[in-house]
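Participant: Residue numbers (this note's numbering): 4 to 141.
Built from N, CA and C at the ideal position, the CB exists for glycine as well.
This one's a predicted model, so the numbers in the text were calculated from it and none came from an experiment.
Take a look at this one; I'll ask things after.
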């Protein structure tokens, strides 16, 4: 029986964009589309998380400003400040419960107030499969 880690840090992805509040929304859109990302962490000058910008937020900008009039605004204008995070050392089973109890599709992973990755519903499902296949007690 193998020992499968239940720590978020062992199942998260470090594929995420780091954005700034004053950054032009069009720059964020370019980053998301070129890197195939669904969102980004908005951080202050110290690297502390201050918001989240999602692709949905960017679609909203596109619809509200119209394709021909140009997209206007900053990341800070559109980001969500209502952030729920998980710690890198949190238990993956606890995060699975969090996903079952709310509408979020992904959580930023933080360590010492700095964003170090992201964990998605799919990441959690993959981790649960590994745990199940290992036969390890949970």
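Is it the case that the stretch 76-94 contacts the stretch 19-26, given that we only count it when at least three CB pairs across the two stretches are under 8 Å?
Facilitator: Contact between the stretch 19-26 and the stretch 76-94 is present, because at least three Cβ pairs lie under 8 Å.
Participant: Mind checking who residue 55 pairs with in its DSSP beta bridge?
Facilitator: The residue you call residue 55 lines up with position 52 of the chain shown. Residue 55 is bridged to 44, 83.
Participant: Please report the straight-line C-alpha distance between residue 90 and residue 54, rounded to a whole angstrom.
Facilitator: As a first step, residue 90 is located in the chain shown; it is residue number 87 there, counting from the start. As a first step, residue 54 is located in the chain shown; it is residue number 51 there, counting from the start. Approximately 16 Å, taken between the alpha carbons.
Participant: Nearest by alpha-carbon distance to residue 99: which of 7, 44, 128, 86 is it?
Facilitator: What you label residue 99 is simply residue 96 of the chain shown in a count that begins at 1. Checked all of 7, 44, 128, 86; the closest Cα to residue 99 is 128.
Participant: What is the DSSP secondary structure of residue 88, counted as helix, strand or coil?
Facilitator: Looking up residue 88 in the chain shown gives position 85. Residue 88: coil per DSSP, three-state reduction.
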